[in-house]
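Only one structure is covered here, and it is reproduced in the block below.
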């Protein structure tokens, strides 16, 4: 059995069987040291969470480091992980968010201005993404980077990561009313900064 | 209309995001007001703009590094975990040992030398008297 583990057909069969499992069920298996289950969680969540971390930190390299730390925490903590009613996604966003907050605190301690943190967008788009799309995406990320931290977190979770209101509120550990307030202010600031792109999209005046 | 605008400014154009208790009123307004529909279209364009941000593509190096975590963690445990696995618990054992020794010392000294303990108390009082002298009593008395 072990000798065939690395073979493509067996691996494919394993992956297919595991792929239908929920994140929570996979996490239980990871707790038992199941590497294929871990690989599926990586495949499902790395991209989205990397985008989230990169956007919060405004730096791709730091976003990547955060993801390495987050998955290390996932692997090491899986044996003791208990859903307690929360979804895996909510828990893992919370892990990533906390790691980002830690880094931002350290960064503030070092007194590094945000402008020195580097270009907020670098190599994030697929190679075939058009120049127009890349420029637009760069401007959106630039506008997001200028938002206060909590607003950036709320806007990213709801409008870019696609979490439901309840999930986003759980990740941020605020109630829906507070989330609404963060989104209202964040959205207004973004609209102001991205007015020219909106008019481009609608073909009218901003 | 103001309430509808407030709703859109927070939650965007997707009715699925709107709080349930405000959905019926918002839908009724949309059915009757052209201005509401224009506002909705405007917010929908903004939602589309944000949703159009392409997904972040992880580099091959990052993917390999993250996929290697289980193997690396197992190797680290094999290499260092058995030999030095007791290290994290060392401070706890040191604390327990110190507490035990201290307890033994206090227990033996107070059990077998009660007279000495009382003498120490008396001595403290005496020292206090010596430091403040008779002037305190004398002052209070006057």
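Chains as they are written, first to last, in my numbering: chain A, 1 to 206; chain B, 1001 to 1142. Beta carbons are placed, not taken as given, at the ideal position from N, Cα and C, and that holds for glycine.
1) Would you list, in chain order, the members of the segment 146-160 of chain A that have their beta-carbon closer than 9 Å to a beta-carbon of chain B?
2) Thinking residue 179 of chain A and residue 168 of chain A are a contact (beta carbons under 8 Å), I'd like their distance in whole angstroms, please.
3) Closer than 7 Å, Cβ to any Cβ of chain B: which residues of the segment 24-45 of chain A, in chain order?
4) Helix, strand or coil: how does DSSP classify residue 98 of chain A here?
5) Between residue 187 of chain A and chain B, is the shortest Cβ-Cβ distance under 8 Å, so that the two count as touching?
6) Does residue 183 of chain A come within less than 8 Å of chain B when only Cβ atoms are used?
7) Quick one: is residue 1038 of chain B buried, meaning 16 or more other Cβ sit within 10 Å of its Cβ, or exposed?
8) For the alpha helix (DSSP H) that residue 1072 of chain B lies in, which residues bound it at each end?
9) Among A:33, A:195, A:49, A:181, which residue has its Cα nearest to the Cα of residue 80 of chain A?
10) Output, in sequence order along the chain, the residues in the segment 1067-1080 of chain B whose CB is closer than 7 Å to any CB in chain A.
11) Express the C-alpha separation of residue 108 of chain A and residue 1009 of chain B in angstroms, rounding to a whole number.
12) Does any C-beta atom of chain B lie closer than 8 Å to the C-beta of residue 112 of chain A?
13) With a threshold of 8 Å between beta-carbons, can residue 1158 of chain B be considered close to chain A, or not?
14) Grab the span of the alpha helix (DSSP H) containing residue 161 of chain A for me, first residue to last.
15) Give the range of the alpha helix (DSSP H) segment to which residue 1017 of chain B is assigned.
16) Contact criterion: CB-CB distance below 8 Å. Does residue 90 of chain A meet it with respect to chain B?
17) Three or more C-beta pairs closer than 8 Å, one from the segment 170-178 of chain A and one from the segment 59-77 of chain A: is that the case here?
18) Any Cβ of chain A within less than 8 Å of the Cβ of residue 1058 of chain B?
19) Would residue 1025 of chain B pass as an interface residue toward chain A - the criterion being a Cβ-Cβ separation below 8 Å?
20) Below 8 Å between beta carbons: does that hold for residue 1066 of chain B and residue 46 of chain A?
21) Is residue 175 of chain A helix, strand or coil when you go by DSSP?
22) Examine chain B for any beta-carbon lying closer than 8 Å to the beta-carbon of residue 142 of chain A, and answer yes or no.
23) Report whether the distance from the Cβ of residue 20 of chain A to the nearest heavy atom of the ligand GTP is below 7 Å.
24) For residue 166 of chain A, which residues in chain B fall below 9 Å Cβ to Cβ?
25) Please report how far the alpha carbon of residue 1048 of chain B lies from the alpha carbon of residue 161 of chain A, in whole angstroms.
26) Does the beta carbon of residue 1004 of chain B sit closer than 8 Å to a beta carbon anywhere in chain A?
27) Helix, strand or coil, according to DSSP, for residue 211 of chain A in the structure here?
28) Is DSSP giving residue 1006 of chain B helix, strand or coil here?
29) Run down chain A in chain order and give the residues with a C-beta less than 9 Å from the C-beta of residue 1017 of chain B.
30) State the DSSP-derived secondary structure class of residue 1059 of chain B, mapped to helix, strand or coil.
31) What residues of chain B sit near residue 75 of chain A, judged by a beta carbon separation below 7 Å?
In this structure, then:
1) 155, 158, 159, 160
2) With 8 Å as the limit, residue 179 of chain A and residue 168 of chain A qualify as a contact, their Cβ atoms being about 6 Å apart.
3) 35, 38, 39, 42
4) Assigned with DSSP and collapsed to three states, residue 98 of chain A falls in helix.
5) yes
6) yes
7) exposed
8) 1069-1076
9) A:33
10) 1067, 1069, 1070, 1073
11) 31 Å
12) For residue 112 of chain A, the predicted structure reports a pLDDT of 49, less than 50, and the residue's modelled location is therefore unreliable. A value from the coordinates is still provided. False, the Cβ-Cβ gap to chain B never drops below 8 Å.
13) With chain B represented from 1001 up to 1142, any question about residue 1158 of chain B goes unanswered, as that position is not in the structure.
14) Per DSSP, residue 161 of chain A belongs to no alpha helix (DSSP H) and is neither H nor E.
15) First-last for residue 1017 of chain B: undefined, no H or E at that position.
16) no
17) no
18) yes
19) no
20) yes
21) coil
22) no
23) Absent from the structure shown: the ligand GTP. Ligands present: none.
24) The premise fails here: residue 166 of chain A is roughly 11 Å from chain B at the closest Cβ pair, so nothing lies under 9 Å.
25) Spanning the two alpha carbons is a distance of roughly 13 Å.
26) no
27) Since the first and last residues shown for chain A are 1 and 206, residue 211 of chain A lies out of range.
28) Helix.
29) 158, 164, 165
30) coil
31) 1069, 1070, 1073
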